[in-house]
Amino acid sequence: MSGCQESIRDRLVGEWVGQPDTAAAAAERVAKRQESQDSEKATGNGMPVQDATNKLEQTDLEGHEVTIRLQFKGDKTVHMSLGDNSEPREGHWRVLTLLPPDGAEIEITLDASEASEADDQTATKKAGEKRRFIVDFQQDGEKPGFTLVEKNSDPKFGRLYFEKKQ
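So for the sequence shown, this note's numbering puts the first residue at 1; every next one is plus one.
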């Protein structure tokens with residue numbers, strides 16, 4: 001494995017807290033990144049936040065208040081839970097492909113969940129379920145963060161923005 005994959009894997013290890021990303025927050029990060037790049041190049045100002053926001057449509061996820069916790073461990077296990085203190089799901093994760101400039105495609109395989117008899121058939125279907133996601137590392141000020149979107153999902157559905165838990 002290349003050193004870059006190790007770097008992406010190392011950056012993901014830890015506990016992350018995510019919520020639906022909003023067009024305004026995404027535009028602000030884009031504007032800050034552009035402003036930072038422009039100041040490094042001494043070429044002028046970044047795209048105004050309002051202009052960037054107007055170019056992004058509101059997504060379906062933005063209408064929901066949900067918190068998701070992901071804990072990526074170095075042994076390639078992952079713990080996922082909703083902020084409502086629901087039972088956490090466990091699984092395994094791996095980096096599949098690096099995506100420039102600062103992202104990756106990852107795969108998460110969910111383990112079988114503890115389920116009641118009524119949920120037994122659903123749990124069996126979900127056991128071993130593999131899902132692929134696109135991770136795009138970004139920063140909101142000083143806090144490390146990334147957006148997460150399921151691969152091949154409808155962009156209108158939206159994305160989640162995760163910040164590293166301090």
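All residues carry an ideal CB built from backbone N, CA and C; glycine is no exception. This one's a predicted model, so the numbers in the text were calculated from it and none came from an experiment.
For residue i, three-class secondary structure by DSSP
i	result
Q19	strand
A112	coil
E105	strand
G14	strand
V30	helix
T77	strand
G3	At G3 the pLDDT is 46, less than 50, meaning the model places this residue with poor confidence and gives no usable figure here.
G83	coil
E150	strand
G63	helix
Terminal residues of the beta strand (DSSP E) in which residue i lies
i	result
L96	R89 to L99
Q166	Counting along the chain, Q166 falls outside any beta strand (DSSP E), and DSSP gives it neither H nor E.
I159	At residue 159 the sequence reads Arg, which differs from the Ile that was named. Element bounds for R159: n/a, residue is neither H nor E.
Q58	Per DSSP, Q58 belongs to no beta strand (DSSP E) and is neither H nor E.
Nonlocal neighbours in the same chain, by C-beta distance under 6 Å from residue i, ignoring five residues either side
i	result
Q71	E15 and H79
M47	Its pLDDT being 43, under 50, M47 is placed unreliably by the model, and nothing is read from it.
K165	E15 and V17
P144	K164
Beta-carbon gap between residue i and residue j smaller than 8 Å
i	j	result
G18	L110	no
V66	G83	yes
Contacts around residue i, its chain only, beta-carbon distance under 7 Å, and the 5 residues preceding and following it disregarded
i	result
F146	V135, D136, F137, Q138 and F162
P88	H79, M80 and S81
V95	Q5, I8, R9, A104 and I106
V13	F72, K73 and G74
K76	H92, W93 and R94
K130	E107 and T109
K151	E105, R132, F133 and I134
Cutoff 8 Å; reference residue i; Cβ partners in own chain excluding five residues on either side
i	result
G158	P20, D21, T59, D60, L61, E62 and V149
H64	P20
L160	G18, Q19, P20, D21, L61, I68, T147, L148 and V149
K156	E57, T59 and D60
S86	none
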